[in-house]
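All residue numbers for the sequence shown refer to my numbering, where the first residue is 462 and numbers rise by one.
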Amino acid sequence: MKPASILVVTVNWNSGEKLKDCIKSFIAASKPCVINLIVVDNCSEDGSEKFLEDMQEQHDCLSLVRSSKNIGFGNGCNLGVEIAKLKGIEYEFIIFLNP
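This is how it looks when you write it as C-alpha cells:
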C-alpha cells in the first residue's frame, strides 16, 4: 500500500517557539506518510523567519513563502495551496494549521 501524501499549510505571524515545535513534529512524523509542509510567513518580527530559513535548507519537504504584508490566516492558506500547485506538489489530503 502506498503511503498517504499530505500537504500541510501553516501560516506564521510571530509564532516563535510554538512554530518551532510544530515544524519539528511534522518533520519527525513524515514517515510513513509523505508530508510536504508549506509555511507562509506573514511578515513576522520575532526572528522566526531565520528558523524557517534554516529548516528549509535542511529539509526538502519544507517550503517557506514570504508575504510582503500580513494577509491573514485564510489568505495565507490559499497562498500556500497556490504555491503547492505551482511547485507540482501532489497530495491526497490538506491540513490547514494555525500553530
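Ideal Cβ placement from N, Cα and C applies to all residues, glycine included. Since we're looking at a predicted model, the values are computed, not measured.
**Asked** If you run the structure through DSSP and keep just helix, strand and coil, what is N539?
**Response** helix
By the three-class DSSP mapping on this structure, what secondary structure does S524 have? strand
Own chain partners of C483 with C-beta closer than 6 Å, once the 5 adjacent residues on each side are dropped = P560
Do the CB positions of V472 and N503 come within less than 8 Å of each other? Contact: yes.
Is the beta carbon of L498 closer than 8 Å to that of A545? no
Original post:
Under three-state DSSP, which class holds D502?
Top reply: Under the three-state reduction of DSSP output, D502 falls in the strand class.
Please list the terminal residues of the continuous beta strand (DSSP E) segment that includes S466. 466 to 473
The beta strand (DSSP E) with I556 in it runs from where to where?
554 to 558
Note to self: Whole angstroms are fine: how far does the CA of K530 sit from the CA of K511?
What the structure shows: 17 Å
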